[in-house]
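Residue numbers (the numbering used here): 148 to 231.
Beta carbons: idealized from backbone N, C-alpha and C, even for Gly.
Please read these numbers as outputs of a predicted model, since none were measured by experiment.
Worksheet: the structure to be examined is printed underneath.
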């Protein structure tokens, strides 16, 4: 959900992903955050929200929903959850 929300807001503001994260993180790192490989740091969420003109909680809630959805999928499918 985070990836979709960022994409929608970026499109509305007509800002590329490159420009969105310029000076904050590398594009590769941001792609990994959007793919749920890395967590979204709170300070990054605040900076991105500012550039997109939304509240930081709007961005953070999308990331939290992604984590919850992933956890529910594991519970429902019986997949093994292992934290490293």
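{"Item": "Taking all protein chains shown into account, decide if residue 156 is buried (16 or more other Cβ within 10 angstroms of its Cβ) or exposed.", "Value": "buried"}
{"Item": "Skipping 5 residues on each side, what residues in its chain have a beta carbon closer than 7 Å to that of residue 203?", "Value": "192, 193, 196"}
{"Item": "My guess is that residue 160 and residue 187 are in contact by the Cβ rule of under 8 Å, so how many angstroms apart are they, rounded?", "Value": "With a Cβ gap of about 19 Å, residue 160 and residue 187 do not count as contacting."}
{"Item": "According to DSSP, is residue 181 helix, strand or coil?", "Value": "helix"}
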